[in-house]
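Chains as they are written, first to last, in numbering that gives the first Met the number 0: chain Z, 0 to 108; chain H, 0 to 108; chain P, 0 to 108; chain B, 0 to 108. We put the beta carbon where it would ideally sit given N, CA and C, even for glycine. Notes follow the structure.
4 protein chains.
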Amino acid sequence: MDSLTKPTQPTAPHGYTPEKEALRKRLNRIEGQVRGVARMVDEDKYCIDILTQISAINAALHKVSLQLVEDHIGHCVVGAAEESIQSGDASIVQDKISEATAAISRLLR
Amino acid sequence: MDSLTKPTQPTAPHGYTPEKEALRKRLNRIEGQVRGVARMVDEDKYCIDILTQISAINAALHKVSLQLVEDHIGHCVVGAAEESIQSGDASIVQDKISEATAAISRLLR
Amino acid sequence: MDSLTKPTQPTAPHGYTPEKEALRKRLNRIEGQVRGVARMVDEDKYCIDILTQISAINAALHKVSLQLVEDHIGHCVVGAAEESIQSGDASIVQDKISEATAAISRLLR
Amino acid sequence: MDSLTKPTQPTAPHGYTPEKEALRKRLNRIEGQVRGVARMVDEDKYCIDILTQISAINAALHKVSLQLVEDHIGHCVVGAAEESIQSGDASIVQDKISEATAAISRLLR
């Protein structure tokens, strides 16, 4: 096998690149949801209905985060594992794993 | 005391109305943050940096949610408590409390 | 109406008292779940299966938290609203609401 | 390099094994914290103080979860990456990554 993480194009450096279109769509939708909440505030909508919309935005952001975490592990961490194997230097993959865990920790807060 | 929850103007029906300006500013900023994340995806920024930005949006949304929860308890729940006291019907405030707890539960998920 | 928050017995000072039995049962079960996770670690169970159990504990703790939040709003906040109405001092209920919101904020983190 | 994930002893099959002692200590402490909350309920302690203790338990469980996630990525995922590289079968590491992402998703909820 050449590589588990070989980018399909030279200009596609990150793990999420193949899912870029889907990610952009999700983010556009979230932007629209945030604007919708601002409009609800302008129109003096009921606070509980606004909170329900915010919970929907939270859930949509979680999906984006998980997509990025999955892509990061699948590409950056696995790529670093390959590099560590080739070079014999385990610290390359260790650094990526620490970075990923720190990002997951920030999401859990 | 006239009322704990008397609206300052007749057109200000909800608890968050006095903080409307501040809420709108926070929501505008969040909208900009979401747009910033979309731009980072377009520009192939590093996934961990995107995740850090999403954690910042999560935190900003939590602040908006808490503001709304506080205003809801302070106005709608307390207003319903007054109504329950005046009418002798405890179900008025009970309904508002159940509604608030359900909204908090959705935020915790 | 006598009171929305009148304790049924003089020795039952807090909102959660009527649900004490149910709360204790939930907490006993959670204690057992934590012990179960410790046993899984001892027996070298698969990390993903341990994480699944921890997610179940998180969900169970959220239910306990929500019960306490609901009881707190229903008894302490509503009781403070009554006191504020009787005394004309809105700060009594305001203090309880700030305290409740701070507790909800800690749960959301 | 022999292996990035070579277990130090033949009977230590999982990633968290080197940290087993630390994990057990954390879990023992969490069990004590849950028992402490049960005692607070028995003694009719103030609901807000109980909620503060529950937030501390949530934070302690998050730390245990993150330790397990980090160990899982560092051992099971990286080990599967090595296997995928040796066998040329990318599905081995893909399966582990999907499993890890699903576990993280359950933690975020």
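Quick one, which of the options has its alpha-carbon nearest residue i's?
i      : options                        : result
P17/Z  : Y45/Z, Q66/Z, L50/Z and I29/Z  : Q66/Z
R23/B  : A37/P, K24/P, E98/P and S104/P : A37/P
Y15/H  : A102/Z, C46/Z, S54/Z and S97/Z : C46/Z
I72/B  : M39/Z, D48/Z, A101/Z and R34/Z : A101/Z
S104/P : S86/B, T51/B and G35/B         : T51/B
V68/P  : N27/P, A99/P, Q93/P and G87/P  : A99/P
Classify residue i as helix, strand or coil using the three-state DSSP reduction.
i      : result
K44/H  : coil
R28/P  : helix
D88/H  : coil
V36/Z  : helix
G78/H  : helix
R105/H : helix
G73/B  : helix
Q8/P   : Low confidence applies here, because Q8/P scores a pLDDT of 40, under 50, leaving its location unreliable; read the following figure in that light. In this structure, Q8/P counts as coil in the three-state DSSP scheme.
H61/H  : helix
L67/B  : helix
Within the same chain, show all residues whose beta-carbon is closer than 8 Å to that of residue i, passing over the 5 residues directly before and after it, in chain order.
i     : result
S64/P : L106
I29/P : I56, A59, L60 and V63
A89/B : S83
D48/B : M39
L26/H : V63
V33/B : I56
Within 10 angstroms of the Cβ of residue i, are there 16 or more other Cβ atoms? Answer buried if so, exposed if not.
i      : result
E119/Z : One cannot answer for residue 119/Z here, as it falls past the ends of chain Z, which runs 0 to 108.
D70/Z  : buried
E42/Z  : exposed
A58/B  : exposed
G31/B  : exposed
S54/H  : buried
So, for residue i: in the same chain, excluding its five sequence neighbours on each side, which residues have a beta-carbon less than 6 Å away from its beta-carbon?
i     : result
E82/Z : I91
K95/Z : C75, V76 and A79
G87/B : none
G35/Z : none
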